[in-house]
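Those protein sequences? They're chains R and Y, same order as listed.
Sequential numbering from 1 applies to the first sequence in the numbering used here.
Sequential numbering from 1001 applies to the second sequence in the numbering used here.
There are 2 protein chains.
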Amino acid sequence: MSQDKELPWVETVDTSYLESLLGYNARRAFLVAGAKFSERMDRFDLKPADFSVLSLVLHNPGITSRQLCATLAIQPPNLVGLVGALERRGLVERHPHPRDGRAMGLHLTPAGEKLVADAERTVAELEAEAASALSPSELRTLLKLLQKVYR
Amino acid sequence: MSQDKELPWVETVDTSYLESLLGYNARRAFLVAGAKFSERMDRFDLKPADFSVLSLVLHNPGITSRQLCATLAIQPPNLVGLVGALERRGLVERHPHPRDGRAMGLHLTPAGEKLVADAERTVAELEAEAASALSPSELRTLLKLLQKVYR
DNA sequence: TATTGTTATACTCTATAACTATA
DNA sequence: TATAGTTATAGAGTATAACAATA
């Protein structure tokens, strides 16, 4: 009783089910946004995590590693090398925390301040591009809904 | 001329700038959605990529590796081991493609069909949970906007 | 000449356990 | 006893180059 009917094959992939799922769409959008980010930030030699750290230090002078980890959902051991590299590049400095002897506060150097300012300008252009596919009010809605998911 | 003014420290982290960026929000939401997914899918021993592949094979019998790669933004070499493992678990079978001698068509086994059906039911519960934080119409809007980003 | 599937390989990202210094 | 930072290490996930078979 061999099966001699021809097996089915696929002309156009039906993605309707996956596209109804949050995780699939979040991953695809995350990949596209990440690729565009890398493309523009290569000239600063900043990966997404580097940019996030520098930007948080700019807006929160004296922030500690622990606070960075909590904010960015990074494990403490994975932040050590990242901050160390930024320090070796002369972009950030670590000083003893004035109120907690266990902690180190992070501060931008003048070179770091300049780099972050340039990088944030570039990121603003990026967001403007995303908003061109989306419309400013759609972008605001998207951010608001994403925040509802992770908060 | 030593600096003897006390250095600043951070009480509450100001995340307002990062929260205005698409990439940051997409990553955070993706992490939360992924964690909830893993939590529920552990009993099926399916990672997100495994589920996506099985689900695509269910809805597209005979789909090829190349089509899976394009749909899921996975590199071909990284799909080989994934499909191989599903095959060794007796969930999928690979048969020669009826129209292209280079390709292999993927098909679910009866065991694979049962597992995917159970897994999709579980994922439906997951989405319902997300929708509880979001409202059904907000979830629809979120998916639509994410698709605009990556298409 | 281009494409499918594959092997080998390397790089990045992320996670866990254990240690130290301080709270 | 708990927390901040660190070291060492292991596991995912993802990327590129190169090859055989087929289009």
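All C-beta atoms, glycine included, are put in the ideal place defined by N, C-alpha and C.
Model, not experiment: these values are computed from the prediction.
Beta carbon of residue 1055 of chain Y, beta carbon of residue 1116 of chain Y: below 8 Å?
yes
Under 8 Å between C-beta atoms of residue 1107 of chain Y and residue 1076 of chain Y:
no
Alpha-carbon to alpha-carbon, residue 78 of chain R and residue 95 of chain R:
20 Å
Straight-line Cα distance separating residue 11 of chain R from residue 1097 of chain Y:
12 Å
DSSP three-state assignment for residue 23 of chain R, whether helix, strand or coil
helix
Taking Cβ to Cβ, would you say residue 19 of chain R is nearer than 8 Å to residue 1147 of chain Y?
yes
Counting Cβ pairs, one atom from each stretch, are 3 or more of them under 8 Å apart for the region 1021 to 1041 of chain Y and the region 13 to 27 of chain R?
yes
Straight-line gap, residue 86 of chain R to residue 46 of chain R (C-alpha atoms, nearest Å)
10 Å
Give the secondary structure of residue 113 of chain R by DSSP, where H, G and I count as helix, E and B as strand, and everything else as coil.
helix
Measuring CB to CB, does residue 1126 of chain Y end up less than 8 Å from residue 1134 of chain Y?
no
Listed by chain order, chain R residues near residue 1078 of chain Y by CB distance under 9 Å
By Cβ distance, chain R contributes nothing, its closest Cβ being about 14 Å from residue 1078 of chain Y, past 9 Å.
Chain R contact for residue 1044 of chain Y (CB, 8 Å cutoff)
no
Can you list the residues of chain R that residue 1019 of chain Y reaches, using a CB-CB cut of under 8 Å?
143 and 147
Alpha carbon to alpha carbon, how far is residue 1050 of chain Y from residue 1021 of chain Y? Give it in angstroms, no decimals.
30 Å
For residue 13 of chain R versus residue 1074 of chain Y, is the C-beta distance shorter than 8 Å?
no
Determine whether the Cβ of residue 1071 of chain Y lies closer than 8 Å to any Cβ atom of chain R.
yes
Between the alpha carbons of residue 1058 of chain Y and residue 1119 of chain Y, how many angstroms are there, rounded?
12 Å
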